[in-house]
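**Student:** First, the structure itself, so that you have it in front of you.
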Amino acid sequence: MKTAFITHAECDGHVTPSGHPEQVARLEIIRDVLAGYDLHAEDAPLGRMEDILRCHPQHYIDRIERAVPESGWNTLDGDTHMAPGSHQAALRGVGGVTRAVDMVLNGEAGNAFVASRPPGHHAETETAMGFCLFGNAAIAAKYALDHHGLNKVAVLDFDVHHGNGTQDLLWNEPRAIFVSSHQMPLYPGSGGRNERGAHGQMLNIPLESGTGSVEMRAAWAHRVMPMLEREAPELIIISAGFDAHERDPLAGLNWQTEDFAWITREICQVAQKVCAGRVVSTLEGGYDLKALGEACAAHVQELMEHAT
Ligand SMILES: [Zn+2]
């Protein structure tokens, strides 16, 4: 089977102010680098209300919809803006991840990569922040559990920033393992080792500024992979941020492009052992366009290599 590639042109309607790092060009470069790949490409459908409601209350969803400006921007927090097309773009992100879960669990694709904007992992239950509106990765996890009836899923977040939103949305969910490695201290400030989830189902791995390949590989190889083998989730969801790359302007880790291939390979190999290779990856950060293109290409190549 192939790797599914799910995106939508309406994600480009999430236009951010000039100079904002989370920009339309990010998806353009990803589409460019993946253009020649043998992927099972699909347009992301619109997300369904019932799927968002598993993570966000109705009044928050209504607030986001009401915040759509007729022109220009509406600013939700210091760095999270909504343009006229942002709500529709966010709905494509939700629809993208739920469609990806369907494809992987129904056997239509071996694994899947969802390229959407805005990203999701900072969006908390009732708070848009850090460029994010809806918690796509957590929504995907809840969808796999509640709609598809899985008993255990894992969300693995290697974005350089802590996935505080995913952590918040899944804090009380005993069926969802959450792992995040991230630079600390750094925005959003959470993600200490003592944050373990209501059921001890979470693992936060703070990394010091400057952490490179050796330390990051050791952390994932020695702490995360054995835990995944032991816990045996039935689906692995990746919050794929590429801003731990050494060239990223927003952070100070020193991951190389090859590290994104390595971590994807490791995750896919564990997935093959415990859940027939079922992996759904969704784009989070990554703000140096060249590094984003290279690291994302390396990530998707490994997904393709392991799509069985
Ligand atoms: Zn990030």
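Using my numbering, read the sequence shown as starting at 6 and increasing by one per residue.
Beta carbons: idealized from backbone N, C-alpha and C, even for Gly.
A quick note: this is a predicted structure, and the numbers were derived from the prediction, not measured.
Can you list, in chain order, the residues of its chain whose CB lies under 6 Å from that of V229, leaving out five sequence neighbours each side?
**Tutor:** Numbered from its first residue, the sequence shown carries residue 229 at position 224. Closer than 6 Å at the Cβ level, and outside the excluded window around V229, lie V184.
**Student:** Can we count E289 as close to ligand 1, meaning its CB is less than 7 Å from some heavy atom?
**Tutor:** Working through the sequence shown from its first residue, we reach residue 289 at position 284. Checking every heavy atom of ligand 1 against the Cβ of E289, one is found closer than 7 Å.
**Student:** Return no unless some Cβ of chain C is closer than 8 Å to the Cβ of P22.
**Tutor:** Here there is only one protein chain, and chain C is not present.
**Student:** Is N141 helix, strand or coil by DSSP?
**Tutor:** Numbered from 1 along the sequence shown, position 136 holds the residue referred to as residue 141. Helix, per DSSP.
**Student:** Taking contact to mean 3 or more Cβ pairs, one atom from each stretch, closer than 8 Å, check whether the stretch 124-137 and the stretch 220-229 are in contact.
**Tutor:** Touching, no, given that fewer than three Cβ pairs across the two stretches are closer than 8 Å.
**Student:** Give the straight-line distance between the Cα atoms of G282 and E234, rounded to the nearest whole angstrom.
**Tutor:** For the purposes of this step, residue 282 is taken as residue 277 along the sequence shown, with counting starting at 1. For the purposes of this step, residue 234 is taken as residue 229 along the sequence shown, with counting starting at 1. The straight-line gap from Cα to Cα measures roughly 13 Å.
**Student:** Is A146 near A181, with beta carbons less than 8 Å apart?
**Tutor:** Mapped onto the sequence shown, residue 146 falls at position 141. Mapped onto the sequence shown, residue 181 falls at position 176. Yes; because the gap between Cβ atoms is below 8 Å, this pair is in contact.
**Student:** Pop quiz: D264 and A296 are said to be a contact at Cβ under 8 Å. What is the actual Cβ separation, rounded to whole angstroms?
**Tutor:** In the sequence shown, the residue the question calls residue 264 occupies position 259. In the sequence shown, the residue the question calls residue 296 occupies position 291. Actually they do not touch by this definition, with Cβ atoms about 11 Å apart.
**Student:** Taking the alpha carbon of R201 as the point to measure from, which residue in P190, S214, L175, S218 has its own alpha carbon closest?
**Tutor:** Residue 201 sits at position 196 when you count from the first residue of the sequence shown. It is L175 whose Cα lies nearest to the Cα of R201.
**Student:** Does the beta-carbon distance from P50 to G100 come in below 8 Å?
**Tutor:** The sequence position of residue 50 within the sequence shown is 45, counting from 1. The sequence position of residue 100 within the sequence shown is 95, counting from 1. Contact flag set, yes.
**Student:** Taking C-alpha atoms, which residue in L255, L191, L240 lies nearest to Q274?
**Tutor:** If you number the sequence shown from 1, residue 274 lands on position 269. Q274 has its Cα closest to that of L240, out of L255, L191, L240.
**Student:** How big is the Cα-Cα spacing for A224 and R53?
**Tutor:** For this step, residue 224 is matched to residue 219 along the sequence shown. For this step, residue 53 is matched to residue 48 along the sequence shown. Each residue's Cα considered, the two are about 37 Å apart.
**Student:** Since I believe H86 is in contact with T21 (beta carbons under 8 Å), could you give me their beta-carbon distance rounded to a whole number of angstroms?
**Tutor:** Here the question's residue 21 lines up with position 16 in the sequence shown. Here the question's residue 86 lines up with position 81 in the sequence shown. The pair is a contact, with the Cβ atoms about 6 Å apart (cut-off 8 Å).
**Student:** Less than 7 Å between the CB of H61 and some heavy atom of ligand 1, yes or no?
**Tutor:** Numbered from 1 along the sequence shown, position 56 holds the residue referred to as residue 61. Checking the Cβ of H61 against ligand 1 gives no.
**Student:** So which of E70, V102, L255 has the shortest CA-CA distance to L191?
**Tutor:** Indexing the sequence shown from 1 puts residue 191 at position 186. Of the listed residues, the one whose Cα sits closest to L191 is L255.
**Student:** Would you say the beta carbon of V119 comes nearer than 7 Å to a heavy atom of ligand 1?
**Tutor:** By 1-based counting over the sequence shown, the position of residue 119 is 114. No.
**Student:** Quickly, what does DSSP pair I268 with across the bridge? List them, please.
**Tutor:** Counting from one through the sequence shown, the residue named residue 268 turns up at place 263. Looking at the DSSP assignment, I268 forms no beta bridge with any residue, so it has no partner.
**Student:** Beta-carbon within less than 6 Å of H204's beta-carbon, same chain only, minus the 5 sequence neighbours each way: which residues are those?
**Tutor:** In the sequence shown, counting from the first residue as 1, residue 204 sits at position 199. Around H204: P179.
**Student:** Closer than 8 Å is the cut-off here; do at least three beta carbon pairs connect the stretch 9-18 with the stretch 64-75?
**Tutor:** Counting Cβ pairs under 8 Å, fewer than three are found: no touch.
**Student:** Is it the case that the Cβ atoms of L308 and T80 are separated by a distance below 8 Å?
**Tutor:** For the purposes of this step, residue 308 is identified with residue 303 of the sequence shown, where counting begins at 1. For the purposes of this step, residue 80 is identified with residue 75 of the sequence shown, where counting begins at 1. Not a contact, by the Cβ cut-off of 8 Å.
**Student:** Cutting at 8 Å between CB atoms, please list the residues of its own chain near C280, excluding the five before and the five after it.
**Tutor:** Looking up residue 280 in the sequence shown gives position 275. Correct list, in chain order: A237, P238, E239, L240, I241.
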